[in-house]
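Peer 1: In the numbering used here, the protein residues as written are 334 to 625.
Virtual Cβ for every residue (Gly too), placed ideally from N, Cα, C.
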């Protein structure tokens with residue numbers, strides 16, 4: 334960590350012109366691996382499960398925090414990310430890795446690459462079993478951080494339907510939201526905006542056999558709804574009532590959404606349900622790569 338990683342890469346004294354100490358305070362990132370290929374260097378960050386990815390915010394003191402914020406502001410400006418998005422809170426570990434890539438490439442003109450490695454099927458930590466689970470988590474994180482602008486095509490998109498309730502995509506997204514709720518300090522509310530449409534009689538939503546051991550109480554709840562043939566998004570109200578520390582605010586979870594009334598649907602959302610809240614806007618049964 335700190336200048337040690339520059340020393341290990343043998344670039345501290347011959348390539349680094351802008352001192353790391355001016356960019357970042359002590360106790361910076363600890364890299365999982367470092368590599369060199371010709372005149373290029375590689376930084377590696379590895380993850381085995383999704384909760385690892387939902388890192389807490391910085392606990393730096395006033396002086397160090399100011400230095401961190403100044404550097405992150407520079408990175409956000411470079412990447413055209415809104416300065417209103419806070420990078421010192423949830424997912425802080427991810428952005429400080431990106432910041433160090435920026436430090437090498439832009440502050441020192443060093444050919445550097447940042448490699449994120451995501452392991453599948455690590456049973457010791459109940460990690461994701463498929464690539465799609467990781468992709469969904471990564472897309473959610475990058476959207477939260479303002480790093481990706483998603484353009485979702487209405488044509489061919491699978492809208493959220495009650496027939497999907499309790500399938501593997503539901504388990505994943507609710508598990509991810511609950512992880513966020515548990516990690517974000519002083520959070521008061523969870524607002525769910527489902528954009529619910531009518532069931533279409535297809536076999537979609539049939540992926541109901543999955544290992545939900547990562548969060549057994551959620552797995553039991555969803556599979557009980559399936560067993561009782563009671564697959565309704567509004568059932569989430571009873572499950573969330575067990576989380577006494579958080580207020581659950583569903584928006585029109587028992588009314589159907591019409592694309593023709595999209596503007597009215599969103600305009601009628603009162604700002605009071607958005608304050609101090611994690612907000613899940615769910616237009617389908619999982620963001621599909623082909624529709625991005």
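Under a Cβ-count criterion, where at least 16 other Cβ atoms within 10 Å of its own Cβ denotes burial, should residue 497 be classed as buried or exposed?
Peer 2: Residue 497 should be labelled buried.
Peer 1: How is the beta strand (DSSP E) around residue 583 delimited, first residue to last?
Peer 2: It spans 580-583 - the beta strand (DSSP E) in which residue 583 sits, taken as one unbroken run.
Peer 1: Taking the alpha carbon of residue 320 as the point to measure from, which residue in 398, 593, 467, 585 has its own alpha carbon closest?
Peer 2: No answer is possible for residue 320: the residues shown for the chain start at 334 and end at 625.
Peer 1: Closest by CA to residue 499, which one among 562, 378, 454?
Peer 2: Of the candidates 562, 378, 454, the one whose C-alpha sits nearest the C-alpha of residue 499 is 562.
Peer 1: Under the rule that 16 or more other beta-carbon atoms within 10 Å means buried, what is residue 527, buried or exposed?
Peer 2: Buried.
Peer 1: List the endpoints of the continuous beta strand (DSSP E) containing residue 368.
Peer 2: Counting along the chain, the beta strand (DSSP E) containing residue 368 begins and ends at 366-370.
Peer 1: Tell me which same chain residues have a C-beta within less than 7 Å of the C-beta of residue 479, skipping the five on either side of it?
Peer 2: Taken in chain order, the residues that qualify are 414, 415, 418.
Peer 1: Would you mind reading off the limits of the alpha helix (DSSP H) that contains residue 506?
Peer 2: First-last of the alpha helix (DSSP H) with residue 506: 501-516.
Peer 1: Just to confirm the assignment: which complete beta strand (DSSP E) runs, minimum length 3, are found wholly within the region 350-437?
Peer 2: The region 350-437 contains these whole beta strand (DSSP E) runs: 366-370, 373-380.
Peer 1: Would you decide whether residue 492 is buried or exposed? Buried here means 16 or more other CB atoms lie within 10 Å of its CB.
Peer 2: At residue 492 the pLDDT is 44, less than 50, meaning the model places this residue with poor confidence; the figure from the coordinates comes in the next sentence. It counts as buried.
Peer 1: Is there contact here, the region 396-406 with the region 371-387, by at least three beta-carbon pairs under 8 Å?
Peer 2: Too few Cβ pairs lie closer than 8 Å, so no.
Peer 1: With respect to the alpha helix (DSSP H) encompassing residue 470, which residues constitute its N-terminal and C-terminal limits?
Peer 2: That run of the alpha helix (DSSP H) goes 464-477.
Peer 1: Can you give the beta carbon distance from residue 551 to residue 507, rounded, assuming they're within the 8 Å contact cut?
Peer 2: With a Cβ gap of about 6 Å, residue 551 and residue 507 count as contacting.
Peer 1: Relative to the C-alpha of residue 573, which candidate in 441, 560, 429, 525 has its C-alpha closest?
Peer 2: For the residues 441, 560, 429, 525, the minimum Cα distance to residue 573 belongs to 525.
Peer 1: Just to check my reading of the structure: residue 580 and residue 521 have Cβ atoms closer than 8 Å, yes? What is that Cβ distance to the nearest angstrom?
Peer 2: With a Cβ gap of about 6 Å, residue 580 and residue 521 count as contacting.
Peer 1: Does the beta-carbon distance from residue 441 to residue 377 come in below 8 Å?
Peer 2: Result no, Cβ atoms of residue 441 and residue 377 do not sit closer than 8 Å.
Peer 1: Give the straight-line distance between the Cα atoms of residue 424 and residue 474, rounded to the nearest whole angstrom.
Peer 2: Computed Cα separation, rounded: 7 Å.
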